[in-house]
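Take a look at the structure set out below.
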Amino acid sequence: MPGVTLKDVIKKYGETQVIHGVDLEINEGEFCVFVGPSGCGKSTLLRMIAGLEETTSGIINIADNDVTHEDPSQRGVAMVFQTYALYPHMTVGENMGFGLKMNGHPKAEIDAKVKEASRILKLDEYLNRKPKALSGGQRQRVAIGRAIVRDPDVFLFDEPLSNLDAELRVEMRVEIAHLHKEIGATMIYVTHDQVEAMTLADKIVVLRKGHIEQVGSPLHLYDDPDNKFVAGFIGSPAMNFVTGTMTDAGVEVPALSQTVPVTLTDRPSNGTQVTLGVRPQDMMVVDGGNLSVDLAEHLGGVSYIYLDAPSGERLVVEARENNRQSRGSNVGVSFDATKCMVFDAKTEQRIR
Amino acid sequence: MPGVTLKDVIKKYGETQVIHGVDLEINEGEFCVFVGPSGCGKSTLLRMIAGLEETTSGIINIADNDVTHEDPSQRGVAMVFQTYALYPHMTVGENMGFGLKMNGHPKAEIDAKVKEASRILKLDEYLNRKPKALSGGQRQRVAIGRAIVRDPDVFLFDEPLSNLDAELRVEMRVEIAHLHKEIGATMIYVTHDQVEAMTLADKIVVLRKGHIEQVGSPLHLYDDPDNKFVAGFIGSPAMNFVTGTMTDAGVEVPALSQTVPVTLTDRPSNGTQVTLGVRPQDMMVVDGGNLSVDLAEHLGGVSYIYLDAPSGERLVVEARENNRQSRGSNVGVSFDATKCMVFDAKTEQRIR
Amino acid sequence: MFPTPIEKRPRSAQITYQTLLPIALLMWLLPLIAVMMFSMRPLTDFTQGNYWGLPSSFEMFTNYGKVFFESDMPRYMWNSILITVPTVIGAVALSCMTGFALGIYRFNGNLLIFFMFIAGNFVPFQILMVPVRDLTVSAGLYDTKLGLVLFHIAFQTGFCTLFMRNFIRALPKELIEAARVEGVAEWRIFWFVVLPLMRPAIAALSVLIFTFIWNDYFWAIVLTQGPDAQPVTAGITSFNSQFVAQYHLMSAGSIVAALPPVLMFFLMQKHFIAGLTLGAVK
Amino acid sequence: MTDVTAPAVATPRSQRPKGWYKRNEIAVTPWLFLIPGILFFSVYVIIPIFQSFYVSLFEWNGLGDIAEQGEFVGMQNYAELVGDRNFEISLWNNLKWLLLYLLAIPAGLFIALFLNQTVVGIRLYKSLFFFPFVISQVVVGLVFSWFYLPNVGLLNVILQFFGFESVNFLGDPDVATYAIIAAGLWPQTAYAMILYLTGLNAVDPEQIEAARLDGAKGHKMLWYVILPQLRPATFIAFVVTIIGALRSFDLISIMTNGGPFGSTRVLSFYMFEKALSEYGFRMGYGSAIAVVLFLIMLVFIGYFLYSMWRDEREARH
Amino acid sequence: DGHSNLEGTLRIISDMSNPAPRAAMEGLAADFDEMHPNLTVELEIVDREAWKSQIRNALSANPPDVINWYAANRMRPYVDAGLFMDISDMYANGDLPGLEAVQGAMTLDGAQWGVPYTYYQWGIYYREDIFNELGLEEPETFEQEIANCQVIVDSGRACYAIGSKFLWTAGGWFDYLNMRTNGFDFHMELATGQASWMDDRVRETFANWRTLIDMGAFIEDHQTYSWQEALPFVVNGEATAYLIGNFAVPHLREAGLTDDQIDFYQFPMIADVPMGEDAPTDTFHIASGAQNVDAARAFLQYVTSAEVQTEINGPDALGQLPVNANSSVADDEFLQQGFEMLSQNASGGIAQFFDRDFPAEMASAGMEGLQEFMVFPDNLDDILERLEATRERVYE
Ligand SMILES: Nc1ncnc2c1ncn2[C@@H]1O[C@H](COP(=O)(O)OP(=O)(O)OP(=O)(O)O)[C@@H](O)[C@H]1O
Ligand SMILES: Nc1ncnc2c1ncn2[C@@H]1O[C@H](COP(=O)(O)OP(=O)(O)OP(=O)(O)O)[C@@H](O)[C@H]1O
Ligand SMILES: [Mg+2]
Ligand SMILES: [Mg+2]
């Protein structure tokens, strides 16, 4: 099967192991996003696929070839770096054509491919500029163009948008989505931006400390996370967590002074400490209750209301209406018990 | 009237004029935010108020004194810089007390003030550390502490949070809001982050190319922008704009193949070219229509659906439900005509 | 990293590299090693033509003892110190000030003055020789350490200003603005804010200037004579005429003269290199 | 707004009367800081440059006052230079120095590439390779003149070991200049090496990785990716090498004293010889040589200043 | 006498930096200091080579009272610039008894500008033992010299050591060859610019020199060595003789040669002209800016007095010839021979030395040409043209 396959891939720097036996299959044409907190090994894994880091053990297949010990340039991959890594002394056109030139392609062919890429990326008028004379978004496009020109099996992106400002980031995100639709190549994309991950991915890989926590489609991870880490990581604002105890009636949550009647297949015994998770979008502020309003942020279309529970826990509620809760007033929250998730307080695994 | 008043303030660098006669009143205790695209003169204006840039002409009053030609230190302002500008060779405590010490305040008084500020900002345990040993958020707090210690009439902030990562930014934003509530001083705050502006400001000043476009409370600007620029700038995702023509029935919008029955007090004559604006939050996707779905981004709680009109115009619709429109399918949009805004196509001024 | 890190190359390449390194070093330092060997031989080796064979006896202590106790070498060394140290202090102090003025303030002629310092710094010494010598002579400073020191301070100020100004330029200007908003007087900004931040630059410059001045020969012979004021570079020539053709002593003397800057380099390597590259590259 | 007197009481901090210095602090301070530096520099560097021009218009033996003892001869010294064979030799030798000294740049690059590894002890190796630069040129000169000694010098011993004739490197007018330049290249190469080592450190590793993905290897990588990024280092190496070449004096003075029969003179040495050496009493003539040297250097200074100015201008935008 | 009440400080700069002269000078200063309780003598000894270029600076600002220098034309620039004090009155008053004979060397423009304190003969110092081994005699004519040399060359040695790196040793050869070929007077005409370098007589001198060069008489690579660096060739027997001043003798002795192994002969006769000799005179001068003129004059009298002359020129001091007619020449093989040679056999006249008789610029260009000639004799025409051009400019 083409695409990219990792089998028990391990990476050690000297004594410290940073990737702990990762198994992963990425199908041909799939857009796969690695997310995870800083330092979890996203870049390392990506660079191992690119061949820029040696693989300590395990096997990496690209398009059904074992490339574990291949040269980067032989793997059929192209990479787009966070800092763009454009050659500052070459024009945009030269930057894009450089790889082909190094591999001895004739000039006419290079020109044609650069033309084609610059058309796709709307870079035609900048072909003769140096990177210095481009804006951040344009530079990023050139970096992508450089990848396209080489016509690789797999595109690798390492946080390609994190150096752009918010507006441009949105724009480029859409462009990358288009690009993927248009050329249909396999793409692996590292980001720590939730929105990017959710909007771009066919498949999200959540990493933590060199381990894969969960793999799945964005909505799958959003709707059905395997554990508290994934649940908290996916979704913005982050899911609210409150501690609770299993009782017959459901989960008793002191912070909310209520017992939430959850239905679980695999119900733990009463008295088990659990964590209840509810997304801010699934909550509503209601009058009267034991939570005090700390702050309300109004963003026009949507408001975030920060609530303090007497237990010291903090909740965020997303409200559509511009209803103004004054600071310090006491409120409660209502939510649909079926939208709640329950996690084991110790193992942090989801209890379904 | 205390607070800050600018009268016909102009700034030229040599021949190029960057601030074009700005008039502005900021009341005592108000939280005023300057927003605008990069290079519009936000920082320049702020630095003129601080006295770090000379004022070419016009008058700046702070607390009813004409300070136009005063030294920065004489204006009763304190400034928090984007880069924090902490003195790296001094401890946190020394950083905060430096200004007082240099101006000959007795040591006991300095200590007391530093103590007080560090209490407010929860910096007590870091007082003896050097800035290098602090996290970004802590550094920012120290910078604010340095401002507090001097007990200024006016706090000036130049993009104080832009060097922090997303999570911390949210946190610090909340803290600044708290701070303002607590000490109640006048604050002027520059940012290009919409959310900061919307959530923090009592009064937003939208600048463009050295001119003030509109001044008002966040929701006022959101609900009732004066012109297309402000309407497009405030709100995220940005307002959708489509061109249209005035007819008897309302605005005829070719892109949507419909005529929107707007009610305008100051109705322009038929045939006038106008721009119709509708916020993504105010639209809904409906089946059947002449718009084709380009892309749908699903963020869990909310989805953004990008639509292409035959005219080449582009619309974004925010949808709450995770309804999946497949790419390329033809859809229409529905919206409440009363939520639409109409702008003159030429002057870009709002037509009410 | 370029070239490819050797640890990523095959074992054979690693071994070749590891063996090549010392050989290359040996060849590179060959002339110096030769001199070191000279300095340990007895005189008879040379008179008997035994320049490169095994020394007939190991005379390192005798030879270096002679250098230290039977010549003016220690005096020359002391002179060098008395010339070098004040110059370093003076040039660094002056250039901290000029660098501050040029790096922080915007005023008419800023760039012009800055360029004057740079241009002066690159001028061939020779064009200064006659007038500076006359000036020194007529100020009664000829053949005094002070005369040399004053000139060196002035001349090095050019380079140091280039260095300091660029360094200060790279400091965040918000630091200064923050201090101004707080009402700190300008000279206090220099003293309390800028100067402490310049410590690495000061260290780098000091080491660099130390070596420059210690190694100066041209001005030493133009502005001084005799063991009262001459530094070791100039002293070595008269040392050599005292011990002419006695290679063992001449070598020992040369090594002694070269030692302080070498030590300085080894102790302050980081600063030294920072000085060379920052001053120049920035 | 109420009356104007009230605020003065309300906010005493802004209405304090200030002295002249206080009011003009920002404008005056830089000059106060500049005065000592400018004073020193003018007296010892700037003014002497012009004085040298002035002296070059005189015939003067350097004894006594130029106004009394000197004789104004206008451009005659310069006219004489045109026909002076020794001047011509010096000029040619300077040219040789200029060109050959530049070899320090590729040589330094080569060594830097060789040493840019992270094996154990490489730091020590690097500093030992840098050694020659720290040593005084006087000592370098001595060391090399012994290295070059006819018959018994190490170099000749090595040559003879390989069956070559012994060469009198410093005694042969055709070879001597090159031998001195070689000695000068020793420290200069070390200098270039350091510049390149730091330059290599600053090369963006992601660009190297990008180039590796692009399939650039070895010399292609060097040529297309690394060298262009080392441009600042190359530029500085170029500037300091040129200046070093034009200033070359110590080595010549120590190694050959200009000989044999003046064949290793360069302008800076010839100038010294004419003006201040044992038999040199022609201050005016010497100054004229210095002026010529200065004019040559001015080309490079101009180039350097121009590129600095360009950088400054760019930095501002 | 009246000197005992000298007071203040007497500052002397001396260039006697080689070990033996240095000791002599230090002794001299100490003695003088002791003689005058109220006077402090400050002595600064500077490198002899360096002094040649540094003297002008020393005289310009804050000049010392007494300095060392050389006689004849070498004084010219300082006399012209008024930096040396005119002490003609001392000679006229008879303050300097016994110096009448050497007064000439101190005279420029009809006045005297200093006193000599030592002089020494030049001549050929040779390895007596090797001469004996080869069965050679001290030559008296140039033919004999050449014949000797041929034998030496055939034995695998060079005839003459010379270190011409600092040029002046070649000047010695030219002085002798020219004085022997063309006579003292012509040599002086050349030195004073009256004779042309293009003169055929000059060529003749060079032709004689070339004979020696072509037969391999001189050691190789001499242009690389200083005069001291060439000494080992004699010491090691690689060269048998050295045309040099008497100051070389202590060095040879120190290197281990005994007086049995070295000997001295006068440069042999070439043409039938009176024999001129080089006998450079080293001098003391009072700077015109001297602060303590009384003490300086007293010091000059002191150094030139017969007893002091005897003492400082003795074999354990300078080991050279005293300038005072009333002092005695030390009991030293070489000094005695030299004194005899200069007083009996120098009928042509006594020259100072190439670089002291020729004006500075001429001397410098000249010696450079001489060195070149010794390495590339074929360049003679070119060299002479150059020297002639220099002559035309220098003496204009
Ligand atoms: N050369 C190295 N030597 C040792 N440890 C390393 C090296 N490079 C990376 N690491 C470690 O490997 C782990 C994974 O790093 P990696 O850069 O892959 O993280 P990441 O997920 O990309 O983080 P980020 O979001 O900050 O980019 C980190 O703990 C890091 O400290
Ligand atoms: N020293 C200067 N000389 C000339 N023009 C300047 C100078 N400083 C700023 N400008 C110009 O003034 C305009 C306003 O700059 P300013 O820094 O105030 O923008 P800004 O709104 O703060 O932008 P940003 O969001 O990027 O910080 C810009 O066009 C800028 O180029
Ligand atoms: Mg990473
Ligand atoms: Mg700004």
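Sequence order for the protein chains is A, B, C, D and E.
Each residue of the first sequence is one higher than the one before, starting from 1 at the first, in the working numbering.
Each residue of the second sequence is one higher than the one before, starting from 1001 at the first, in the working numbering.
Each residue of the third sequence is one higher than the one before, starting from 2001 at the first, in the working numbering.
Each residue of the fourth sequence is one higher than the one before, starting from 3001 at the first, in the working numbering.
Each residue of the fifth sequence is one higher than the one before, starting from 4001 at the first, in the working numbering.
Quick reminder that beta carbons are idealized off the backbone N, C-alpha and C, glycines included.
Small disclaimer: the values here were computed from a predicted structure and weren't measured.
Around the Cβ of residue i, are there at least 16 other Cβ atoms within 10 angstroms (buried) or fewer (exposed)?
i          : result
C/Trp-2187 : exposed
C/Met-2268 : buried
C/Pro-2010 : exposed
D/Asp-3003 : Below a pLDDT of 50, predicted positions are generally treated as unreliable, and D/Asp-3003, at 41, falls in that range; the measurement from the model is reported next regardless. With fewer than 16 other Cβ atoms within 10 Å, it is exposed.
C/Ala-2013 : exposed
At the level of alpha carbons, what is the spacing between residue i and residue j?
i          : j          : result
B/Pro-1254 : B/Leu-1276 : 11 Å
E/Gln-4103 : D/Pro-3132 : 53 Å
B/Asn-1128 : D/Glu-3206 : 38 Å
A/Leu-291  : A/Met-341  : 21 Å
E/Gln-4228 : E/Gly-4114 : 29 Å
B/Glu-1182 : B/Gly-1076 : 19 Å
D/Val-3139 : E/Gly-4369 : 29 Å
E/Ile-4152 : E/Val-4234 : 13 Å
C/His-2271 : C/Leu-2171 : 18 Å
E/Thr-3969 : E/Met-4085 : Missing from the structure shown is residue 3969 of chain E; chain E here goes from 4001 to 4396 and no further.
A/Ala-147  : D/Ala-3176 : 56 Å
A/Leu-221  : A/Arg-350  : 12 Å
B/Leu-1295 : A/Glu-167  : 18 Å
E/His-4003 : E/Tyr-4078 : The pLDDT assigned to E/His-4003 is 48, lower than 50, so where the model puts this residue is not dependable, and the model offers no usable value.
Check the Cβ of residue i against every Cβ in chain E and list those closer than 9 Å, keeping chain order.
i          : result
D/Ser-3277 : Lys-4052, Ser-4053, Ser-4364
So residue i contacts chain A; which residues on that side make the cut at Cβ distance below 7 Å?
i          : result
B/Val-1195 : Leu-299
Run through chain B and tell me which residues come within less than 9 Å of residue i, C-beta to C-beta.
i          : result
C/Arg-2169 : Per Cβ cutoff of 9 Å: no residues; C/Arg-2169 is ~15 Å from chain B at best.
Taking residue i as the query, report the chain D residues whose CB atoms sit under 8 Å from its CB, ordered along the chain.
i          : result
E/Gln-4371 : Gly-3259, Pro-3260, Phe-3261
Note down, in chain order, every chain A residue with its Cβ under 9 Å from the Cβ of residue i.
i          : result
D/Gly-3218 : The contacting residues do not exist; D/Gly-3218 stays about 11 Å from chain A at best.
> Counting pairs of beta carbons, one from the segment 39 to 57 of chain A and one from the segment 233 to 242 of chain A, are three or more of them closer than 8 Å?
Replying inline: no
> Between the segment 1292 to 1303 of chain B and chain A, which residues of the former have CB atoms less than 7 Å from a CB of the latter, in chain order?
Replying inline: Per Cβ criterion, the list reads Leu-1295, Glu-1297, His-1298, Leu-1299, Gly-1300, Gly-1301.
> Listed from N- to C-terminal order along the chain, which residues in the segment 43 to 55 of chain A have their beta-carbon within a distance smaller than 7 Å of any beta-carbon of chain D?
Replying inline: Ala-50, Leu-52
>> What are the residues in the segment 4207 to 4235 of chain E lying within 8 Å of chain C by C-beta distance?
In response: Ser-4226, Gln-4228, Glu-4229, Leu-4231, Pro-4232, Val-4235
>> Across the segment 4117 to 4132 of chain E and the segment 4234 to 4252 of chain E, are there enough close Cβ pairs to call them in contact, namely three or more that are closer than 8 Å?
In response: In short, these stretches touch, since the Cβ pair count reaches three.
> Does the segment 2112 to 2125 of chain C come within contact of the segment 2054 to 2069 of chain C, defined as at least 3 CB pairs closer than 8 Å?
Replying inline: The answer is no - the segment 2054 to 2069 of chain C does not touch the segment 2112 to 2125 of chain C, with fewer than three Cβ pairs under 8 Å.
>> Any C-beta of chain D within less than 9 Å: which residues of the segment 2049 to 2078 of chain C qualify?
In response: Gly-2049, Tyr-2051, Trp-2052
>> Whether or not the segment 2067 to 2075 of chain C and the segment 2128 to 2148 of chain C are in contact is what I'm after, with contact meaning three or more pairs of Cβ atoms, one per stretch, closer than 8 Å; do they touch?
In response: Judged by Cβ distances under 8 Å, the segment 2128 to 2148 of chain C makes no contact with the segment 2067 to 2075 of chain C, as fewer than three pairs qualify.
>> Counting only Cβ-Cβ distances shorter than 8 Å, please list the residues of the segment 2081 to 2101 of chain C near chain D, keeping chain order.
In response: Leu-2094, Ser-2095, Met-2097, Thr-2098, Phe-2100, Ala-2101
> Does the pairing of the segment 1258 to 1266 of chain B with the segment 1305 to 1321 of chain B give three or more beta-carbon distances under 8 Å?
Replying inline: no
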